[in-house]
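Colleague: One structure, as structure tokens, below. Some questions next.
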Amino acid sequence: MELRLVDGPWFTTEELGELLGVDPSTVRRWRTSRPPQGPPFVQLSERVTVYSAADVEAWLRSRRVDPGAVAA
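Residues 1 to 72 in the UniProt record's numbering are what the sequence shown spells out, letter by letter.
As structure tokens, then:
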């Protein structure tokens with residue numbers, strides 16, 4: 001079985017902000033806060049950070065709140 005680390009789409013900070021409906025500065029703030037918040041990221045260089053679509057999806061799922069379960 002071949003492991004493909006680069007499969008799937010990757011998003012820039014700006015693209016992720018647009019996808020999530022937040023300003024890119026919010027995504028940067030998540031990334032630079034201590035401890036880091038937001039989805040996992042890959043720092044390719046000092047100026048280039050990317051986010052795996054699979055990591056973003058997993059992060060979103062981990063933040064999901066089911067109102068029915070909370071009310072019970």
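Note that beta-carbon positions come from the ideal geometry of N, C-alpha and C, so glycine has one too.
Using 8 Å for Cβ pairs, my map puts Pro39 next to Asp55. What's the rounded Cβ distance?
Modeller: Sequence index remark: in the sequence shown, residue 39 carries index 39 (1-based). Sequence index remark: in the sequence shown, residue 55 carries index 55 (1-based). Confirmed, Cβ separation roughly 5 Å.
Colleague: How should Leu19 be labelled, buried or exposed, when 16 other C-beta atoms within 10 angstroms of its C-beta is the threshold for buried?
Modeller: For the purposes of this step, residue 19 is taken as the residue at position 19 of the sequence shown. So Leu19 counts as exposed.
Colleague: Using only the alpha-carbon positions, how far apart do Leu60 and Ser45 sit?
Modeller: In the sequence shown, residue 60 corresponds to position 60, counting from 1. In the sequence shown, residue 45 corresponds to position 45, counting from 1. Cα to Cα, Leu60 sits roughly 25 Å from Ser45.
Colleague: Are the CB atoms of Gly8 and Ala58 within a distance shorter than 8 Å?
Modeller: What you label residue 58 is simply residue 58 of the sequence shown in a count that begins at 1. What you label residue 8 is simply residue 8 of the sequence shown in a count that begins at 1. Not a contact, by the Cβ cut-off of 8 Å.
Colleague: From Glu14 to Pro24, what distance separates their C-alpha atoms?
Modeller: The residue you call residue 14 lines up with position 14 of the sequence shown. The residue you call residue 24 lines up with position 24 of the sequence shown. Looking at the two C-alpha atoms, the distance is approximately 5 Å.
Colleague: Under three-state DSSP, which class holds Leu45?
Modeller: Start at 1 with the first residue of the sequence shown, and residue 45 comes out as number 45. The question names Leu, but residue 45 in the sequence shown is Ser. Reduced to three states, the DSSP call for Ser45 is coil.
Colleague: With distances taken between CB atoms, is the gap from Thr49 to Val42 smaller than 8 Å?
Modeller: Counted from its first residue, the sequence shown places residue 49 at position 49. Counted from its first residue, the sequence shown places residue 42 at position 42. A contact, by the Cβ cut-off of 8 Å.
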